[in-house]
Each structure stands twice: as C-alpha cells, then as structure tokens.
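Here the structure comes first, spelled out in structure tokens, and everything after it is commentary.
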Ligand code: NAD
C-alpha cells in the first residue's frame, strides 16, 4: 500500500562540495520508472540465479580486476562528488570494495551452498534434511552520500552473488559515482536488468520502498529509516536498516595518550566527521584528561583542510551547507552550556561555504546536543570519567549502538569491558577500521537499526533459508498419525522417556514400554 510517496523532482544536479562546480545532471526516476525497473529485474532474475554461484563468482572476479584497473578514476570521482581526500577515497572506498570482493570470491560458495542438516532426534533419523539458500528475487538498495561507493558496492556484490537482481537508489548528492558502479558491473558481465541505478531524491527512494521488491537494504538516517520501517511493516517487506551512530571512545587510565589522541583525531575527522563509525563522543579517565585534551587540540590545529584533490589535504569540505549548519548548532549549544572550544569552532569561509574547522570541545556533558544527537561533522567532544563503571554507563547512555572503541595497554581488560558495551562492534585499540574487515559483520543495536551487512552475516541477509525434508521410508505410515487412543498415548510417553530420560536405566525402561505399546497396537 503506497503510504509514503512524495512528489518527484525531475532533474538532479551533482555538485562538487569543495568548489560548487556542477559535475553533471541526471533525470530523477519517478514511480513509473521505478515500477518498470523492478518488473525488468524480476523478469531477468531467474536466469541470473540459474547460472549458478560459481559463474557469478567469476563475474565478481572480473569486477574486482576492472575496479583495480580503474581505481584512480573511481577515487577521483568519489573525491569530486563527496569531497573526501583522494587518499581516503582510495583507502576507505576502493580498497574496501576490492577486499569485500575478495571475501565473496573466497567464501560465497561455502556460505550459500546446499547443506545437509543432520537430525539429532532419534524419531527423525529416518528423514534426510537439506538447507537451501534461495535468493529473494529483487533487492532494493537505498544508500547515503558519505560512502557513496563502498556502501552500495559491498551490498550489491553480496546481493548479486547470491542470485538476486538489484535496484540501487543512490543518494541524490552522489549519483554519478553510482553510475560508475553500474558501468563497472556491466563491463564485468552483470546483465543490464540485473543491476539498475535509479537516481533521485527521497521520492524515488519512497517509490522503491512501495514497489514490488522482495527485500530492502537501507543505509541512512534514523529518521528516514523509521519512515521506511513503517511502510515496510504494511506489507511485511523484509528490511535491513543501517542507521545512524554516536560512537563512544573510552580512554582508560592505562592508555597511551599519544596513540589514543591520534586515534581520536583521525576517528573524529576522517571524511570530515561524516562517517557512521566516527568517534562522536570521547570519554577519558580523569587522570589523563588534561594531557589528552591538550594532545588532541594540538594535533587538530595542525590538520590541513582543503580540496580533497590536493595530495596534502587531510580534511575536506562537508557534503552540503545544511550539514555545516547542524555542526554550528551543536557547537553553539555546547558553548552556551559551558563547553570549552580548544580547537576550531568556526567555519572556514575563505575556503568556501562547506568548510568547517576541525573542532575539539572539552568539559562537555550529556546535557549537550553534541553528546546525544548524531552531529555527523568534524567535532570531537571530550568528557571525563572516574572509573570503568562510569565509562561503561556513559557509553551506553545513548539511543544509538553502532560501534565503540576502548583504549588500554591491557588488552584483556579492554576485551572484558567490550562485553559490557551496547554496540554492534567494539574495537579494542582501534577505531573505524572495522568497516574494512570484510569478514566482520557491520550493523548496530538500538536505534542504529536491524540486520547486518558484510561478512557471512551480510551474505545470509541476501537469501531466504528453505528447508527440504525427504523421508527415507516413504511406504511406512507414521505412528503419530490418526488412530489416537490409549495405545498411541503409551507409545508417545515411552518415546519421550526413551529420548530424554536420565539415567540410562530409566531410558531403557521407557524404551521397553514404548516398544511394548507399539507391538500391542500393531497386534
Ligand atoms: P538520509 O536518511 O537523509 O538519506 C539516505 C537515503 O535515503 C538517500 O538515498 C535518500 O534519498 C533516501 N531517502 C530519503 N527519504 C526517503 C524516503 N522517504 N524513502 C526512501 N528513501 C528515502 O541519510 P543521509 O544524510 O544520506 O546519510 C547520513 C546518515 O546515514 C547518517 O545518519 C549516518 O550515520 C547514516 N549512515 C549509516 C551507516 C551504517 O552503516 N549504519 C553508514 C553510512 C551512513
């Protein structure tokens, strides 16, 4: 039932956030185009599925090699469209996709092949069970602008290798890089109707959610995710929701201040703080607090901000002026409630309207927006804690639960604490890089969403599990079929004892009762 369809705009401009240059214009897909694309995908999908996993793995292999050959063009396009430094485009986007392809090439067959399912229950030993992993059919993917290549590409590869067709609705801010993904996949042997990109704004995404897709993988904000979940609930459309985060970093009293402060500065400002896994809140043991804050402030002041195409740039622009306004609001709120701005705290208007100075805030608390809402910008707020219990309490005091990091010289202590943190991932002595570990699941708890992408778990999201049960004694009627009476009751009581009684003596007595009852009934 269409409940959330908005009015579509007809044209979409892709703009370089560093320069304001218009990089290209595209037509937005409206509900009619969306329905037609889904129908074409549905018609083409059975052949794609029938060609088998091993052939689809070959396609992925070609895709991986084609991507490697065009890595510079792809990374350049990412930097132009999303603003991040070129080296980050290579590392956090192209490399992630190359390695994810490696994971799928090596593991897709093993994860998705048919499995024999042994039966432990004696009563079912005469049946053979198999598990099939069947593709959903047509998977819709709606993606954000902050990782405009690695997010849709990794999800798409998993969906395709499992035998699905994919319709991708990329962010309206980064449609061109999605078109690059489309050409690379087609060049590698993915049929046109099996992977289609539908550019557009929220209205196009909404039309996709309301179309006849079989599953949706959505990555974006909590607000949009909630709206989508409501629409999906109407027709029980299965969804994966990868939503916002407010990741905490805990610096314990035995941490190395130099290492942890460098990590905090990178974790907070990589991709200009526009990373779902960004360090959005930092908690430091009181004994290290002054030195840690000073180290972060000093390292932050030295960061080189500018156009991501320049090799020396470490922090690029924000994606859009409206994101800058959110950062300004959060910083101003913190300032008014008593936070100290120890680095940054202003726009960099000389560089352009989308540049904001990497900012470190000290003496923050949970009364401030910057510690509760997802800022999604270059801000590192640092609070203090007295002991591990308080650190865990503060880390868990959030509506979000994507990832967290713990910094300590004692790994065992870090791993013990990790078990107490409410998050999809906890890293001990590293941050953000979990997204590049292709074996690891990615996803969160609480308002961060539902389901997982990446690794075995991401692949399993792309298939339905079907159980096929085949009886090995087809000519024998089952004893539990109709013909109820005291005989069958005694048999069942005996059978339960035989299966579950302890000790062995009781089991044997039950077996004798069951066989006796069966014998009498057959007579
Ligand atoms: P967004 O929610 O504004 O948009 C995401 C996508 O949804 C876009 O393609 C947009 O066009 C589309 N959309 C908007 N309204 C829609 C509707 N009603 N129906 C269907 N689609 C609709 O998010 P954004 O600003 O593009 O991305 C930033 C957010 O994404 C942040 O909150 C960030 O934390 C989150 N994010 C999460 C992860 C993760 O893995 N958990 C990864 C990256 C980004």
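Residue numbers (the working numbering): 272 to 794. Yeah, the Cβ is synthetic: ideal placement off N, Cα and C, and Gly gets one too. As the structure is a prediction and not an experimental result, all values here were calculated from the model.
In terms of Cβ geometry, residue 518 and residue 673 form a close pair [threshold 8 Å]. Counting C-beta pairs closer than 8 Å gives fewer than three between the region 441-459 and the region 757-765, which falls short of the contact rule. Closest option to residue 551, judged by alpha-carbon separation, among 386, 752, 538, 325: 538.
If you ignore the 5 residues before and after residue 488, its C-beta comes within less than 6 Å of the C-beta of 412, 426, 511, all in its own chain and listed in chain order. Two segments are said to touch when three or more pairs of C-beta atoms, one from each, lie closer than 8 Å; by this definition the region 422-438 touches the region 462-480.
For residue 481 and residue 345, the gap between their C-alpha atoms comes out near 32 Å. The Cβ-Cβ distance between residue 685 and residue 667 does not fall below 8 Å. For the set 316, 506, 360, the Cα lying nearest the Cα of residue 432 is the one of 316.
A Cβ-Cβ separation of about 7 Å places residue 706 in contact with residue 367 under the 8 Å criterion.
For the options 356, 609, 599, the alpha carbon positioned closest to that of residue 619 is the one of 599. For the beta strand (DSSP E) assignment, the uninterrupted runs of no fewer than 3 residues enclosed by the region 542-627 are, from N- to C-terminal side, 550-556, 611-614. Relative to the Cα of residue 362, the nearest Cα in the group 725, 418, 382 belongs to 418.
The alpha-carbon of residue 736 is positioned some 48 Å away from that of residue 582.
Taking C-alpha positions only, residue 290 is separated from residue 586 by approximately 15 Å. Contact between residue 564 and residue 612 fails: their C-beta atoms lie close to 11 Å from each other, not under 8 Å.
Less than 8 Å separates the beta-carbon of residue 788 from that of residue 765. Inclusion of residue 589 and residue 546 in the CB contact set at 8 Å is not warranted, their separation being larger than that value. Here DSSP, grouped into helix, strand and coil, assigns residue 395 to helix.
Between residue 410 and residue 485, the C-beta gap is smaller than 8 Å, which places the two residues in contact.
Where residue 752 is concerned, there is no enclosing beta strand (DSSP E), because DSSP gives it neither an H nor an E. In the three-state reduction of the DSSP assignment, residue 467 falls in the strand class, which pools E and B. Each residue's CA atom was taken as its position, placing residue 509 and residue 769 some 41 Å apart. Around the beta carbon of residue 504, fewer than 16 other beta carbons sit within 10 angstroms, so the residue counts as exposed. According to DSSP, residue 702 shares a beta bridge with no other residue. DSSP places residue 422 outside any beta strand (DSSP E); the residue lies instead in the alpha helix (DSSP H), whose first and last residues are 421-432. Remark: the C-beta of residue 708 is outside contact range of ligand 1, defined as less than 7 Å to any heavy atom.
Residue 319: member of the alpha helix (DSSP H) spanning 302-321, first to last residue. Between ligand 1 and residue 480, a heavy atom-to-CB distance of less than 7 Å is present. Distance from the C-beta of residue 440 to the nearest heavy atom of ligand 1 is below 7 Å.
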